[in-house]
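Novice: Quick one: structure below, then a few questions.
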């Protein structure tokens, strides 16, 4: 990490440093979410509005993290604020019962996603992944799950550890390795349309189709993780690819900024969680289908049509081109992977991996853009062309800092 950039960052964020010291006294590592950590200390945010976030030092940033893709309409999106306020004023935050808001959001998901016949809510995409694995094992009577190296389906069993029993990991986009791993012992194959946490790496043409065919051949379930990718296509990326998963994992945008997850898919599989099914799979949770999450999620999806999604995707593609041009102009060698309205800046050479990420991240913060430490950024509907111009200029200035700093 370049000392000049670090020194400027520290000088401009004294209150964040103080708050982080305070946080370390009561939370391990000063935080409660691994992905929020970065050196020398993280920015401490106080609030967000539209496409911006604000920190304890009084700085304002254009937000291109959007809580890791979950805030597709940005912060304080009026329809969400109105819907949640109406809920609170009417009375009720959490019920130990079914409520109409669950039904409304479930109906929206069934209407959008062609493979979704039924919906089961959880509290996060991670929980949804775990539930999908349980359903697959319950349905098939098998234990083995096949997934990709660097695939992220939540920090929960059976996906949390590389040594997890009965989980086989294969290289992503390697159909030969995938075929070698799948057998009559396989309960499910679980994959993403693009590997988000690994750097927004899209699946190769035909790869997911091949995975579905393998699952069908061996009587396993094909699980598609669309927690991040749902923002890129109105009907889900699965329809664009012409695939029909047995189960689909959802999260992020379907909660409108509030905690939520869901498993959707074929009725014959989801009904294994129904109390009317003999020997059903018990699945419960104090906050499953939480009122606020369902209300905010329904409002979010109502204002997310196909045209809006395509506009976000197109804008992201144009911004990618500007970032690449700015890097080239300053002799910074990068590549930028992209999937819809999400992209990730990578160093062209692996030897420059950590240094580029650290220097670029702090430089962007100094230029007023809040991006992810790992190089990921995504757009929200709260950003207009003036924001995109400012983001492009911030990258240009950040690359200049890196090129000229000690």
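Residue numbers (this note's numbering): 29 to 434.
The beta carbon of each residue, even a glycine, is placed where N, CA and C say it ideally should be.
From a predicted model like this one, the values you see are computed outputs, not experimental measurements.
#1: Is residue 69 helix, strand or coil when you go by DSSP?
#2: May I ask you to list the residues that DSSP assigns as paired with residue 150?
#3: Using 8 Å as the limit for Cβ to Cβ distance, is residue 178 near chain B?
#4: Counting only the same chain and skipping the five closest in sequence on each side, list residues whose C-beta sits under 6 Å from that of residue 168.
#5: Alpha carbons only, please: which of 423, 359, 298 and 311 is nearest the one belonging to residue 138?
#6: Under the assumption that residue 255 contacts residue 293 (Cβ atoms under 8 Å), give the Cβ distance between them as a whole number of angstroms.
#7: Can you list, in chain order, the residues of its chain with a C-beta nearer than 6 Å to that of residue 102? Leave out the 5 residues immediately preceding and following it.
#8: With burial defined as no fewer than 16 other Cβ atoms inside 10 Å of the residue's Cβ, what is the status of residue 20: buried or exposed?
#9: How would you write the range of the alpha helix (DSSP H) that residue 131 sits in, first residue to last?
#10: Locate the alpha helix (DSSP H) running through residue 82, then write down its first and last residues.
#11: How would you call residue 383, buried or exposed, if buried means at least 16 neighbouring beta carbons within 10 angstroms?
#12: On a Cα-Cα basis, can you pick out the residue from 68, 87 and 64 that is closest to residue 74?
#13: How far does the alpha helix (DSSP H) with residue 344 in it extend, from its first residue to its last?
#14: How should residue 95 be labelled, buried or exposed, when 16 other C-beta atoms within 10 angstroms of its C-beta is the threshold for buried?
#15: Could you work out which residue in 33, 35 and 133 is closest to residue 325 when comparing CA atoms only?
#16: Does DSSP classify residue 283 as helix, strand or coil?
#17: So if DSSP puts residue 363 in a beta bridge, which residue, or which two residues, is it bridged to?
#18: When burial is assigned at 16 or more other CB atoms within 10 Å of the CB, is residue 193 buried or exposed?
#19: Cutting at 6 Å between CB atoms, please list the residues of its own chain near residue 423, excluding the five before and the five after it.
#20: Go to residue 253, then tell me how far its beta strand (DSSP E) extends in each direction, as first and last residue.
#21: What separation, rounded to the nearest whole angstrom, lies between the Cα atoms of residue 276 and residue 161?
#22: Taking the continuous alpha helix (DSSP H) assigned at residue 296, which residues delimit it?
#23: Can you say whether residue 177 is buried or exposed, counting buried as having 16 or more other CB atoms within 10 angstroms of its CB?
#24: Here's the rule: buried if 16 or more other CB atoms are within 10 angstroms of the residue's CB, otherwise exposed. What is residue 65?
#25: In whole angstroms, what separates the C-alpha of residue 341 from that of residue 421?
#26: Which same chain residues, not among the five before or five after residue 82, have their C-beta less than 6 Å away from its C-beta?
#27: Taking the C-alpha atoms as reference points, what is the distance between residue 209 and residue 239?
#28: Give the range of the beta strand (DSSP E) segment to which residue 89 is assigned.
#29: May I ask you to report which of helix, strand or coil DSSP gives residue 103?
#30: Would you say the stretch 217–235 touches the stretch 390–407, given that touching needs at least three Cβ pairs under 8 Å?
#31: From residue 92 to residue 397, what does the alpha carbon distance come to, in whole angstroms?
#32: Given that a residue counts as buried once 16 or more other Cβ atoms are within 10 Å of its Cβ, and exposed if not, what is residue 436?
Specialist: Answer, in terms of the structure:
#1: coil
#2: 289
#3: In summary, chain B is missing from the structure at hand, where a single protein chain is found.
#4: 215
#5: 298
#6: So it is not a contact: roughly 14 Å between Cβ atoms.
#7: 78, 79, 408 and 410
#8: Not covered by the structure: residue 20. The range shown for the chain is 29 to 434.
#9: 128–140
#10: Note, residue 82: premise wrong, no alpha helix (DSSP H); beta strand (DSSP E) at 80–83.
#11: exposed
#12: 87
#13: 334–357
#14: exposed
#15: 133
#16: helix
#17: 374
#18: exposed
#19: 351 and 354
#20: 249–253
#21: 11 Å
#22: 295–298
#23: exposed
#24: exposed
#25: 20 Å
#26: 74, 75 and 88
#27: 11 Å
#28: 88–91
#29: strand
#30: yes
#31: 7 Å
#32: The structure shown does not extend to residue 436, since the chain spans only 29 to 434, so no value can be given for it.
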